[in-house]
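Reminder that position 372 of the sequence shown reads as 376 in the working numbering, one-by-one numbering, no gaps.
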Amino acid sequence: MFSQELPIYTGLVLLVLPLYYLYSKASCRSKNTAVLPTNWPILHMFPSFVANLHKMNDYFTLVLARSGHNFRAHGPPGTGMWFFVTCDPANIQHIFTTNYTNFPKGAEFAAIFDIMSGGIFTIDGEPARRQRTKIKSVLSSPRLVARIEAWSRNKVENNLLLFFTHMASTSTSFNMQELMSRLMFDLAAMPLFGVDPGLLSLDMPPMEAAVAMDTVMEVAYFRVVVPASCWKLMRRLNIGPERKLKAAHKVLRGFVMEMMERRKINPSSVGNGKQHEGVDIMSSFLDDPYYTEDDMFNALTISYMIAARDTVGTALTWIFYNLSQNPNIVSIIRNELSPIASRKVAANPDAMVIFEPDETKSLVYLRAVLYETLRLYPSAPLERKMVAANDIMPSGHEVHAGDTILISLHSMGRMEGIWGKDCLNYNPNRWLSEDGNELRYVPSHKFLAFSSGPRMCLGKDIAVMQMKTVIASTLWNFDVEVMKGQCIEPKSSCILEMKNGLIVKLKKREMLH
């Protein structure tokens with residue numbers, strides 16, 4: 005069968021490769037408005053998808069806004085490209101909660117993220133339930149949570165603010181996105197392995213493993229939107245993005261081996277002695293025979309690293325960007341921080357103000373800022389599900405077994421019918437009660453940044469704690485200026501990273517004692 009279809013797949017590869025390199029070189033000069041998908045003969049909507057690959061999130065938003073929050077798309081015959089694209093909260097509740105067993109990740113999802121195949125993000129059914137129960141138990145450990153909070157706080161004080169102070173004193177610009185990636189890479193590895201990779205330091209060491217993670221998410225995005233037969237042929241021929249991915253897989257496996265070796269040599273390297281031995285995530289899995297096989301172990305560790313680094317690091321970058329455009333919001337955050345900071349300044353007037361995780365836990369406006377950023381700039385802008393059996397969605401659309409469902413989180417936050425006429429405005433107040441003292445309830449199927457239903461994010465509280473610690477400590481001590489003339493746009497990836505980074509300058513705040 006494969007040999008008979010090889011000429012067709014080869015033709016698709018020859019079509020996709022030039023378009024792939026064209027879109028990868030696309031720049032801000034392209035301001036053309038996207039159009040609704042054209043249903044071409046034979047190729048159907050495939051050309052529209054590939055032509056908009058470099059701006060797929062915006063393209064989906066335009067199409068979904070014009071089509072009532074749902075639309076169908078399909079590609080050439082034999083490619084298996086049958087998509088139902090949605091940002092409808094009622095449909096999302098049906099997919100993630102009401103009838104979630106009918107919408108698994110599916111085997112194709114595991115193939116797309118093959119280096120994580122077998123990890124929590126790529127499995128369904130009983131294996132997913134068993135692994136999720138295990139991870140939930142680990143992340144609920146009071147000892148581990150306390151260590152993660154301490155690691156986060158200490159990393160901010162001893163590395164992040166030290167770096168910021170140096171850059172501010174020399175008035176040197178730098179890439180905030182890269183710095184947040186380095187920070188969160190270290191903060192992901194430390195609770196996982198009990199080892200600090202040390203990427204965030206003044207000498208800015210090479211970050212091959214972090215770059216390899218970026219490659220995994222970029223090539224996965226490419227795999228999502230082209231026929232599976234196409235990228236699988238590229239993989240067999242070792243060409244295009246698949247060649248780059250193969251090298252990234254090798255780097256990541258090497259990184260896991262290096263961390264495990266360092267863990268054996270110095271089991272307390274990020275603790276304070278023997279009382280902290282065993283206070284890492286790996287300690288809970290090494291004695292379980294289910295996770296000892298190499299591929300499963302790599303899937304588990306790399307899944308956690310990508311989830312912990314990418315989601316928080318990406319969100320932090322967009323938070324800094326949006327706050328730079330809204331100085332009034334920065335002032336409100338500082339007013340909320342002021343009672344805590346004033347006590348610290350009174351005790352030690354000349355010291356940098358560090359906010360402890362338990363001090364920021366109750367800060368409502370700061371949390372609203374985080375949520376508002378994730379509404380408009382969700383770290384994972386697109387979710388992918390499969391249909392197990394024929395079903396009718398709440399919107400009335402029929403979906404069929406084997407169909408792919410794409411859920412656009414990016415579009416959902418930008419729909420007037422969901423968030424109101426000011427949906428495109430950055431406004432944290434939309435999350436607050438009338439008196440501003442507590443958060444409004446927003447159902448997870450309307451705000452999907454932390455997923456919904458049985459697969460709700462297990463690390464939500466940790467992620468919020470880390471973001472609050474970083475933002476509070478940065479904004480109180482520094483003014484952040486985004487350099488003018490930058491092209492701020494997302495890269496083509498499963499993670500909403502900025503294509504060109506975020507170049508900023510810092511200025512140390514002068515405060516009256």
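C-beta atoms are modelled at their ideal positions from N, C-alpha and C, and glycine is treated no differently.
Item	Value
For the beta strand (DSSP E) that His78 lies in, which residues bound it at each end?	74 to 78
Who are the near neighbours of Asn394 in its chain, counting only those whose CB is closer than 8 Å to its CB and skipping five residues on each side?	Glu402, Val403, His404, Ala405
Cutting at 8 Å between CB atoms, please list the residues of its own chain near Asp128, excluding the five before and the five after it.	Pro108, Lys109, Gly110
One question on the structure: do Thr176 and His414 come within less than 8 Å of each other, judged by their Cβ atoms?	no
Closer than 6 Å by C-beta to Ser185: which residues in its own chain qualify, once you throw out the five before and the five after it? Chain order, please.	Ala214, Gly317
Who are Glu485's beta bridge partners in DSSP?	Lys509
Nearest CA to the CA of Ser437: which residue from Tyr445, Met471, Asn162?	Tyr445
Can you tell me the Cα-Cα spacing of Ala303 and Met217, whole angstroms?	13 Å
Would a C-beta distance cut-off of 8 Å place Leu500 and Tyr381 closer than the cut-off?	yes
Identify whether Asn103 lies in helix, strand or coil by the three-state DSSP scheme.	coil
Can you pull the DSSP bridge partners for Trp86?	His78
Please confirm if the region 120 to 127 is in contact with the region 253 to 262, defined as three or more CB-CB distances below 8 Å between the two stretches.	no
Does the Cβ of Ser144 have 16 or more other Cβ atoms within 10 Å, making it buried, or fewer, making it exposed?	exposed
Keeping to the same chain, check which residues put their C-beta closer than 6 Å to that of Tyr375; ignore five residues upstream and five downstream.	Trp435
Keeping to the same chain, check which residues put their C-beta closer than 7 Å to that of Ile337; ignore five residues upstream and five downstream.	Tyr369, Leu370, Val373, Leu479
Would DSSP call Lys2 helix, strand or coil?	An answer regarding residue 2 cannot be provided, because it is not within the stretch 5 to 517 covered by the chain.
Any idea what DSSP makes of Thr318, helix, strand or coil?	helix
Can you say whether Cys491 is buried or exposed, counting buried as having 16 or more other CB atoms within 10 angstroms of its CB?	exposed
Could you tell me whether the Cβ atoms of Pro195 and Met85 are closer together than 8 Å?	no
With a Cβ-Cβ cutoff of 8 Å, do Gly457 and Tyr104 count as a contact?	yes
Figure out for me which residue from Thr90, Ser366, Phe289 has the closest Cα to the Cα of Met397.	Thr90
For Ile422 and Phe167, what's the separation of their Cα atoms in angstroms?	41 Å
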